[in-house]
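Residues -20 to -1, 1 to 589 in mature numbering (1 follows the signal peptide of the UniProt record, and there is no 0) are what the sequence shown spells out, letter by letter.
We put the CB at the ideal spot given by N, CA and C, even for glycine.
First comes the structure, then the notes that go with it.
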Amino acid sequence: MITRQWLVPFLLIIAPGTSGFTLRDVDITNWNYGKDSVDLIEGIPGSLDPSSPVVGRLRRSILDVGFSCTICEIGVNLLRVHTNAGLTDEEVMGQIKVFCMLQLSAEVCDGVNRVFAPEVIYILKRVKTTSSQICGMIMGDACNYVDNPSHDWKISLPPIKKPLQASEMAKPEVKTLKVLHISDTHYDPLYEEGANADCGDPLCCRASSGRPASPGAGAGKWGDYRKCDTPKRTLDHMLQHIQETHPDIAYIIWTGDLPPHDSWNQTREENLDNLRATVAEMTEAFPNVSIFPALGNHESAPVNSFPTKYAPSEYNIFWLYDELDKQWQRWLPRGASGTVKRGAFYSVLVRPAFRIISVNTNYCNDKNFWLLINSTDPADELQWLIDELQGAENRSEKVHIIGHMPPGTSECLKVWSANYYRIINRYESTIAAQFFGHTHYDEFELFYDMKNITRPVSVAYVGPSVSPYENLNPGYRIYYIDDDEASPTRQVVDHETWIMNLDDANFHDSPTWYRLYSARDAYEMSSLRPDDWNSLINRMIDDADLFYVYYKHYHKNSPVRPRCDTKCKKRLLCDLRNGRSRDRDLFCRTINQRIDSQYFFNWRNLFRI
């Protein structure tokens, strides 16, 4: 999971560093910004003084409205002004630091320059699309989507669709496989008990975070609800608990995000060390259990950077993919090595007629700026996915798809998500379930028939994070998969979320992991078919108590979870319906209308209208 705060230093590059040049020399009348924005831009001097009134106005603007589309477009346009004026990369980087320090510390901003700036400057110099098209791609739902012919592509699908048979539905009581889902461990080797947990940086609870101002600001022994990741002792304790509590696990799905959130301070070697250390922990804990991993967005350095074939050699991603192949091959067949090295995706037969396909969702990540150059099916992954699913269909196999970033999140590029959605529709008879992580929350996404959007066709289960970052309890998932001896559907029959309460663990110094809920019991579901999940969404629209139960589980029963108002409820329920990125109006219109009508009638009754 990554926040938009990292975009600010890259795109607010609006003050040239060469004497004799100001933005008054540039025609900005066609930039479509309001008068206040134009006045602000024209007031920027040739050499930027961090204490100037203009910088103060920028700081207030960012704090008041956040990182908006307007700010994004201004930043992109003015970066191009700089490059056209002949500024060097070093001069641009000097200004990045000034604007970075509007939000972050000097130490963090030095890291931002070192880790991120060279790549971002290289990419934005070579992108030919407009600033509104760029910001429409990287800002998600915060921006209105702008048509971009350079990023409008469609994968070809086989035309004939295997019919879904009623007999393929899982029976209520059936033999099952027990499957563990671990996601977003974010193990922090530098976590320090008692360190400042409220340091103001994107990641705290380290010696470098300083000493806390009060005892309550110190990091807990087992973790912290603030901007802190997972201590080694907590990861070890969880793995030991799982060994003792679930000795009958059939296999494990592990959906990525291993390093901590100190993205401004990471190197390739540090991230590889974290990968090796976490793989070693998993191997030691489960020496005789197959583990099927997927790649997270944090494994790269810089974070979110997964260059495509258009990147020069000094930026290629094979330093990571080669190590993934080396670490993953202990669990995967030899034949998977080729696609792991090519794009960090693979396909493996788990049981007769049962296959797991792991996809690399970083090729849909809107913070992967390399996609601005060319987003067309990077590494030919989606075409490969179609070929694998077609082969599975021909062999009458059932498939589980695993990955890191849920395709319906607004962080997934609209065009990639739309193509993936078409694939799920085409192979709904073959794909029994999907599993993702990334959000850190406990949730799911539904996919609907593209010809009848009232009919759900697939469920993507989004597993909770081990990391408490932020305001969450650590957690993991257990799935029960149909393993009927005669005709297994491989559907999820039930799932459980298990958590550790951080407050209790830190107070008593005795962590307890417990089952928070079972999906079928908590939500009164007869099965976990797509229809049943769709019915749950409809019930939660009208039943405030049921929605409260879901909201508690969504935050893993965190005692510091925020209150959820009407706007929050609409957003969360819409997320559940939205397996296709940035298409909220289509899937969520009825949710909003029904919730609005409830509040209208409540007010009407109150005033006896």
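Exercise for review: Report the three-state DSSP secondary structure of Cys392 (helix, strand or coil).
Suggested key: For Cys392, the three-state secondary structure derived from DSSP is strand.
**Study point:** Cβ pair count under 8 angstroms reaching 3, the region 268 to 278 against the region 231 to 245
**Key:** With a cut-off of 8 angstroms on Cβ pairs, the region 268 to 278 is in contact with the region 231 to 245, counting three or more such pairs.
Point to revise | Heavy atom of the ligand NAP within 6 angstroms of His226 beta-carbon | key: In the structure on display, the ligand NAP does not appear, and there are no ligands present to speak of.
Review point. What are the start and end residues of each continuous alpha helix (DSSP H) run of 4 or more residues lying completely inside the region 80 to 156, in chain order?
Key: The region 80 to 156 contains these whole alpha helix (DSSP H) runs: 86 to 95, 97 to 106, 111 to 118.
Review point. How about Thr410 and Glu373: do their beta carbons lie closer than 7 angstroms?
Key: Yes, the Cβ-Cβ distance between Thr410 and Glu373 is below 7 angstroms.
Practice item. Count the other C-beta atoms from every protein chain shown that fall within 10 angstroms of the C-beta of Pro143, then say buried if there are 16 or more, exposed otherwise. Key: Under this definition Pro143 is an exposed residue.
Check your understanding: What alpha helix (DSSP H) runs, 4 residues minimum, are completely inside the region 382 to 433?
Key -> Those alpha helix (DSSP H) runs which fall completely within the region 382 to 433 and span 4+ residues are 394 to 406.
**Study point:** Close Cβ partners of Ala197 (< 7 angstroms) along its chain, the five nearest in sequence each way excluded
**Key:** Excluding sequence neighbours, Ala197 sits near Asn176, Ala177, Asp178.
Practice item. Count the other CB atoms, across all protein chains shown, that sit within 10 Å of the CB of Gly14; report buried if there are 16 or more and exposed otherwise. Key: Low confidence applies here, because Gly14 scores a pLDDT of 48, under 50, leaving its location unreliable; read the following figure in that light. Gly14 should be labelled exposed.
Check your understanding: If we ignore side chains and look at the alpha-carbon of each, how far apart do Ala333 and Asp474 end up?
Key -> Rounded to the nearest whole angstrom, the CA to CA distance from Ala333 to Asp474 is 21 angstroms.
Practice item. Just tell me which of Gln309, Val61, Cys123 has its CA closest to the CA of Phe562. Key: Checking the sequence, you will find Arg at residue 562 rather than Phe. Here the closest residue by C-alpha is Cys123.
Practice item. Have a look at Asp422, Pro267, Ala466 and flag the residue whose alpha-carbon is nearest the alpha-carbon of Asn537. Key: Cα-wise, what sits closest to Asn537 is Asp422.
Exercise for review: Starting from Asn537, follow its DSSP beta bridges and name the residues at the other end.
Suggested key: Residue pairing by DSSP places Asn537 opposite no residue, since no beta bridge is assigned to it.
Check your understanding: What are the complete beta strand (DSSP E) segments, minimum 3 residues, inside the region 491 to 517?
Key -> Qualifying beta strand (DSSP E) stretches, in chain order: 493 to 498.
Practice item. Classify Ala324 as helix, strand or coil using the three-state DSSP reduction. Key: Ala324 carries a coil assignment under DSSP once its states are collapsed to helix, strand and coil.
Review point. Taking C-alpha atoms, which residue in Gln223, Val56, Cys548 lies nearest to Thr263?
Key: Looking at the Cα atoms, Gln223 is the closest of the given residues.
Check your understanding: Are the beta-carbon atoms of Val159 and Tyr459 separated by less than 7 angstroms?
Key -> Less than 7 angstroms separates the beta-carbon of Val159 from that of Tyr459.
Practice item. Return helix, strand or coil for Arg569, following the three-state DSSP convention. Key: Correct three-state label for Arg569: helix.
Review point. Helix, strand or coil for Ile575 per DSSP?
Key: In this structure, Ile575 counts as helix in the three-state DSSP scheme.
Practice item. Could you tell me the distance, in whole angstroms, from the CA atom of Arg541 to the CA atom of Glu71? Key: If I take the Cα positions, the gap works out to 43 angstroms.
Review point. Which of the three DSSP states, helix, strand or coil, is assigned to Phe286?
Key: Phe286 sits in coil when the DSSP states are folded into three classes, being neither helix nor strand.
Check your understanding: Would you say the region 350 to 363 touches the region 513 to 523, given that touching needs at least three Cβ pairs under 8 angstroms?
Key -> Remark: fewer than three beta-carbon pairs, one from each stretch, lie closer than 8 angstroms, so the region 350 to 363 and the region 513 to 523 are not flagged as touching.
Practice item. Going by CA-CA distance only, name the one from Cys115, Met218, Pro192, Leu566 that's closest to Ser490. Key: Nearest to Ser490 by C-alpha distance, out of Cys115, Met218, Pro192, Leu566, is Met218.
Check your understanding: Given that a residue counts as buried once 16 or more other Cβ atoms are within 10 Å of its Cβ, and exposed if not, what is Thr570?
Key -> Exposed, because fewer than 16 other Cβ atoms sit within 10 Å of the Cβ of Thr570.
**Study point:** Span separating the alpha-carbon of Ile479 from that of Val446
**Key:** Between Ile479 and Val446, the C-alpha separation is close to 9 angstroms.
Point to revise | Helix, strand or coil at Ser270 according to DSSP, with G and I counted as helix | key: For Ser270, the three-state secondary structure derived from DSSP is strand.
Review point. Taking the alpha-carbon positions, what's the residue 597 to Gly203 distance?
Key: Examination of residue 597 is not possible in this model, given that the chain is present from -20 through 589 alone.
Exercise for review: Go ahead and label Cys548 buried or exposed: buried means 16 or more other beta carbons lie within 10 angstroms of its beta carbon, across all protein chains shown.
Suggested key: Per the 10 Å Cβ criterion, exposed.
Point to revise | Sub-7 angstroms separation of Ile114 and Ala97 beta-carbons | key: No, the pair does not count as a contact, with Cβ atoms beyond the cut-off.
Practice item. Figure out for me which residue from Glu99, Ile54, Asn453 has the closest Cα to the Cα of Tyr494. Key: Comparing Cα positions, the closest option is Asn453.
**Study point:** Buried or exposed (CB count within 10 angstroms, at least 16 for buried), Trp299
**Key:** Trp299 is classed as exposed because its beta carbon has fewer than 16 other beta carbons within 10 Å across all chains shown.
Review point. From Ile101 to Asp69, what does the alpha carbon distance come to, in whole angstroms?
Key: Between Ile101 and Asp69, the alpha-carbon positions lie close to 7 angstroms from each other.
Review point. What residues in its chain sit with their C-beta under 8 angstroms from that of Asp5, if we drop five residues either side in the sequence?
Key: Low per-residue confidence applies at Asp5: pLDDT is 46, beneath 50, and the placement is therefore not dependable enough to give any value.
Check your understanding: With a CB to CB cut of under 8 angstroms and the five nearest residues on each side skipped, what residues in its chain are close to Pro287?
Key -> If you ignore the 5 residues before and after Pro287, its C-beta comes within less than 8 angstroms of the C-beta of Tyr295, Asn296, Ile297, Trp350, all in its own chain and listed in chain order.
Practice item. Pull up the distance between the alpha-carbon of Ser136 and that of Ser163, whole angstroms please. Key: Going by the C-alpha atoms only, they are around 32 angstroms apart.
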